[in-house]
Amino acid sequence: MLPVIALIGRKNVGKSMLFNRLTLTNDALVGVNNLGLTRDRRYGFCRWREYQSIIIDTGGIEIAHHGIEVAVLNQARSAISEADLILFVVDAQIGLLPSDYDIMKFLYKFQKSVFIVVNKVDGIALKNPQAEFSFFGIKTIISVSASHGFGVYYLLEKVFFYFQWEKLLVRSDSCCNYDLKSKICLQNSLSSFDKKNVDVIMLAVVGSPNVGKSTFINFILGEDRVVVCNSPGTTRDNVYASIIYNGYRYILIDTAGIRKKTRVRSLTESLSIVRTLKVIQTVTVVLLLIDASCGISNNDLSLLNNILRSGRSVVVGVNKWDLISPDLQDKFKRMCNVRMNFVRFVNVNFISSLCGTGIPCLFESIIQTYYSSVRSVSTEFLTRTVHMAVNKCHPPRVYGKEVKLKYAHMGGTLPPVVIVYGNHVTGLPDNYRRYLSNFFSRSLKIFGSYLDIRFRESK
């Protein structure tokens, strides 16, 4: 089993910067003078020579009894329980604060091994920045600069020598069945993931702020994996989780809420939205959540349109269905038929992430949508479909010349692509192209995505 390291400390001491440095990634969201960017646990691999371990980044701890700080503290508590070694990160430039004492008292309760990591030692005149932190009685105190890499190699040496002494090390190429390994999911290899791998469905949960995305993730996982709070914008970074639901393996991605550019007020929110939009480009299915108590907003429709135009398959989940009365539910469904008339091929499910109602039907829609976008269709069937479409509605002449559609074949999946060959097809008007696209979509029973139909001149 791989040893586990947890990064613990108060806000803005550089835990996420150190996480990125140790994992050799840019997975964790970092910023200058932005307190409390990290809130949820983030997992990654840390390698040293032929060995590796799992490292967990956590949000800044505040010993509080109310508000979002309690949820962040619970996330840190879960990370500490999973860890074999705690790296207590402190700030050399600010020095020892009362909150550091509170965190150390908190760590003593778990009876875990603790190393103190004195970060941000670059640019300070102190000869021994470790001195004031020796008050805690911790033998191992290491000075580093996560931003410049100073002292990081020495830190790794100390950490892995400790694991070697405790006989926790295994070689990186050894078999490992550690459950936490699945929680890392695609964080370190998302760009190289094969989206056509039918064994894994990558599902991004997106929507406006405070529609219940994190509540949905927690309900499916059966644990408080993601911080949940009533205030909008609680989730700031993408959170990955791997599950098996009804025999299918999913990688769930919780994302930051997206709203209009004119309503974005901070750089942090802008960075979070950019990350969400990038994730949409990498997944196989997008679950768009809409708040039933707020109705269908223009932002929801804009998001839906952008997802479809990016070539992703989408399923709509109307969340918080339990909060509105039966009369309002009927009114909402009628509104759906009107406002979402342009995407009748998208499955709409009415759910409650808090109570779990409608979740099984939602996942059936996700499976249906996924397989309709990865299914391969024979050239014979597609050619027959072309001829049926032509018999029902002949294409108009192009520059006085008759258009002949001869045959068609699959050009790709995710999204489905059909290539049609014929004479003078490049000059077909847009309305006939839309007719053929809709005809193919109905014939192939494609749900949740636009059919990309392309035309080639036959020789």
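Numbering (the numbering used here) for the sequence shown: -14 to 444. We treat Cβ as the ideally placed atom computed from N, Cα and C, and that holds for glycine.
- With respect to the 8 Å criterion, residue 351 and residue 272 are classified as neighbours on the basis of their beta carbons.
- One thing to note: residue 39 has its Cβ no nearer than 8 Å to the Cβ of residue 61.
- Beta-bridge pairing by DSSP links residue 386 to 383.
- Here the alpha carbon of residue 316 sits roughly 15 Å from the alpha carbon of residue 305.
- Between residue 153 and residue 69, the beta carbon gap of about 6 Å places them in contact (Cβ cut-off 8 Å).
- Beta-bridge annotation (DSSP): residue 439 is paired with 404.
- Counting the other Cβ atoms within 10 Å of the Cβ of residue 8 gives 16 or more, which makes it buried.
- For residue 84, the secondary structure class from DSSP, reduced to helix, strand or coil, is helix.
- Residue 187 carries a strand assignment under DSSP once its states are collapsed to helix, strand and coil.
- Beta-bridge pairing by DSSP links residue 99 to 71.
- By the neighbour-count criterion, in which a residue is buried when 16 or more other Cβ atoms sit within 10 angstroms of its Cβ, residue 371 is buried.
- Taking a C-beta distance under 8 Å as the contact criterion, residue 255 and residue 264 do not qualify as a contact pair.
- Cβ-Cβ distances below 8 Å link residue 339 to 197, 200, 204, 305, 307 in the same chain, with the five nearest sequence neighbours on each side left out; the list follows chain order.
- Counting along the chain, no beta strand (DSSP E) covers residue 374; the unbroken alpha helix (DSSP H) around it starts and ends at 364 to 377.
- Proximity to residue 80 across 398, 73, 99, 103 peaks at 103, based on C-alpha coordinates.
- A distance below 8 Å separates the beta carbons of residue -5 and residue 85.
- Here residue 422 is near residue 438, since their CB atoms are less than 8 Å apart.
- It is roughly 7 Å from the alpha-carbon of residue 67 to the alpha-carbon of residue -11.
- CA-CA distance, residue 82 to residue 237, rounds to 38 Å.
- Within the same chain, and ignoring the five residues on either side of residue 33 in sequence, the residues whose Cβ sits closer than 7 Å to its Cβ are 141, 145.
- The beta carbon of residue 223 lies closer than 6 Å to those of 238, 240, 260, 264 in the same chain, with the five residues before and after it left out.
- In the DSSP assignment, residue 41 falls outside any alpha helix (DSSP H) and lies within the beta strand (DSSP E) extending over 36 to 42.
- Residue -13 counts as buried, since no fewer than 16 other beta carbons sit within 10 angstroms of its beta carbon.
- The alpha helix (DSSP H) runs lying completely inside the stretch 264 to 343 and spanning 4 residues or more are 283 to 294, 311 to 324, given in chain order.
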